[in-house]
Structure formats: C-alpha cells, structure tokens
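Counting in the working numbering, the sequence shown tops out at residue 356, every number present. Notes follow the structure.
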Amino acid sequence: RPFVEIDRVWMRYNGTGGTLALRNASLTVEREEFVAVVGPSGCGKSTLMRLVTGLWPASSGSVIVAGKEVDRPLSIAGMAFQNPTLLPWRSILNNVMLPFEVVEPHAGRLRRDRASYEKQCLELLELVGLKGFEAKNPWQLSGGMQQRASLCRALIHQPQLLMLDEPFAALDVFTREDLWSVLQNLWMVRKPTVILVTHDLREAAFLADRILVMTSRPGRIMIERKVELPRPRT
Ligand code: ADP
Ligand code: ADP
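Right, dumping it as structure tokens:
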C-alpha cells in the first residue's frame, strides 16, 4: 500500500464562496520515494503540503498517510520551507534539537538522555558541513548555512515523511546546487519518503524519482501528468 494516498481531494479556502485551491486531486507516493511537485505560483502546491501534513483539513476527499486518515498535524513528518525559520534566540544546536523536545517518545526521554540526543544532532550537523557552528546563533550564519540547519532540524527525529516547500528558492544558484547534494546525501542515509515543492525543473530532475506537474487554469487546478525520469547516479 502506498505511503501517501491522496484521493479525490477538493480544497476550498474560506468556505463555499472561497478560493478553489485544489480540484479533485489524486496522488500516491510510495515509501522511500522522492517526489517533486512543480507548477506555477498559485496552482495549489503549498495547499497540497498543508493537507498532507495535517496543517489544514481538506474540504472533501481523503488524505491517508501510513495507512491512517490524516486528521491532525503529523508528527511523523519533518518540514522545511523557503525561509529557514530558525529561532533567533537559540543556538544552531538547540534549533536542531527542537523536534526532540516536542515529538514523542523523544520528549519523554530527553531529560535523561540529553547527551546522546546532542550527539545525534552534532553528527547530522557535521554531515551537512556545519561542524563547529553548533554554538552560533542563526543570524551569525549565511542564508545557505541556516537552510542546512533547517534541513537537519527537519530530519533529526528520523521522520518517515520529509515535506519540503521550496527550501532552496531563496538561495543563490551556487549555494542551491551545493544543497542539492546535501539533501541527496541526507536522503540516502535516512531514506525518508520525500515530497519536494519547487519552481525549478532542474532541481526536480536532479533530486526526484518522479515529477508531478500541477497546472492552473481559471478556477481549475489539477495534477496534469506524471513524468518518470531516471535519477542521476552519484
Ligand atoms: P502555490 O503554493 O502553488 O503557490 P497555494 O497552495 O499557496 O499555491 O495557493 C493555491 C490557491 O489558494 C491560490 O489561489 C491562493 O491564493 C489560495 N490560498 C492559499 N492559501 C490560502 C489561505 N490561507 N487562505 C485563502 N486562500 C489561500
Ligand atoms: P508560495 O507557497 O507560492 O510562496 P504562499 O503560500 O505564500 O505562496 O501564497 C500563495 C498565495 O496565497 C498568495 O497569493 C497569497 O496572497 C495567498 N495566501 C497565502 N496565505 C493566505 C492567507 N492566510 N489568506 C489569504 N491568502 C493567502
């Protein structure tokens, strides 16, 4: 059975007269698959992410993750967005620690096992090239470095599902391509199921096993076609 099952989902914001953001969208994602979702601004990509992660309820249709109807924010999902959203008053290490503080069963064990949790964070930070920056505050790091830390925070609690909404869009092209490799490495180590929203077709082709193209027409948004592309082997 697929890991993510979206079946005939409609999403209308603000009730009956509101904006139609998804019209009869269906999509399945297999466990450990890396899917990229591309499409023009306003076609409903962010909405799709909110529904899968349980941040919004769908107006109708069903969203099932790991065999369960999604009816609340999913703690098995890690998320990262266009902007790093790190807490400025916390060190990089303590930002990456956040999921451990709020996601069970880690939260219950954190007081007792803090040293081992910190060790996991430091290992992950080293994997993305942030060794030595763990005690700094976010504003002491470049945008690209903050985004690396955000990826670590999204992955630290070993989420089965990684939801990425344009995580590299705000970065310059060199930093962006650098982070593609970082993400690819993280994916190969942890093998989460990934849904990545992007405007960048090259990014999608570089990273994903499968690319979904969403299109918008006046009042009508749908998933138009699926393109299977081979993943470049590294
Ligand atoms: P994308 O991420 O592809 O740019 P969105 O999912 O953000 O698209 O938006 C899809 C449609 O839903 C757009 O018409 C947008 O204006 C509308 N929309 C998005 N978020 C909200 C919201 N919170 N309230 C009302 N309308 C929204
Ligand atoms: P993207 O994900 O493409 O960066 P956003 O999700 O920020 O875009 O917003 C996409 C569109 O949805 C924008 O046109 C914005 O005006 C609209 N939108 C987002 N959030 C809301 C909201 N809470 N209420 C009304 N419109 C919203």
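Glycine included, C-beta positions come from ideal geometry on N, C-alpha and C.
Run through the DSSP bridge pairs and tell me what threonine 320 is partnered with.
Val160.
Quick test of your reading: proline 179 and threonine 150, contact by CB under 8 angstroms. State the CB separation rounded to the nearest angstrom.
Incorrect: roughly 20 angstroms between the Cβ atoms, too far for contact.
Measuring straight from C-alpha to C-alpha, what distance separates threonine 337 and arginine 153?
Using only the alpha carbons, I get a separation of about 25 angstroms.
Ends of the alpha helix (DSSP H) at isoleucine 214?
Here the alpha helix (DSSP H) through isoleucine 214 covers 214–224.
When the Cα atoms are used, what is the spatial distance from leucine 196 to alanine 327?
Answer to the nearest angstrom: the Cα atoms are 28 angstroms apart.
Between the alpha carbons of valine 131 and valine 185, how many angstroms are there, rounded?
Straight-line Cα distance between these residues: approximately 8 angstroms.
When burial is assigned at 16 or more other CB atoms within 10 Å of the CB, is leucine 144 buried or exposed?
Flag for leucine 144 reads buried.
Going by Cα to Cα distance, which pick from Ser168, Lys253 and Trp261 is closest to leucine 318?
Here the closest residue by C-alpha is Ser168.
Considering valine 126, what are the terminal residues of the alpha helix (DSSP H) in which it resides?
Segment 126–134 is the beta strand (DSSP E) holding valine 126; no alpha helix (DSSP H) there.
Please output, in chain order, the residues near ligand 1 using a CB cut-off of less than 5 angstroms to any non-hydrogen atom of the ligand.
Answer in sequence order: Tyr135, Thr141, Ala143, Ser163, Gly164, Cys165, Gly166, Lys167, Ser168 and Thr169.
Mark valine 174 as exposed unless 16 or more other C-beta atoms lie within 10 angstroms of its C-beta, in which case mark it buried.
By the 10 Å Cβ count, valine 174 comes out buried.
Give the range of the beta strand (DSSP E) segment to which serine 184 is assigned.
Residues 182–187.
Quick check: the Cα distance between asparagine 216 and glutamine 262, rounded to an integer number of angstroms?
So the alpha carbons of these two residues sit roughly 15 angstroms apart.
Give the secondary structure of valine 311 by DSSP, where H, G and I count as helix, E and B as strand, and everything else as coil.
Valine 311: helix per DSSP, three-state reduction.
Report the option in Arg172, Leu284, Cys274 and Asp294 whose CA atom is closest to the CA atom of aspartate 193.
Considering only alpha carbons, the answer is Arg172.
If you draw a straight line from the alpha carbon of lysine 253 to that of methionine 310, how long is it in whole angstroms?
Taking the straight line joining both Cα atoms gives about 20 angstroms.
What does a CB cutoff of less than 7 angstroms around arginine 355 pick up in its chain, not counting 5 residues either side in sequence?
Low confidence applies to arginine 355: its pLDDT is 49, below 50, so where it sits in the model is not reliable, and the reading given next is rough at best. If we look at arginine 355 and ignore the five residues flanking it on each side, it has no Cβ neighbours.
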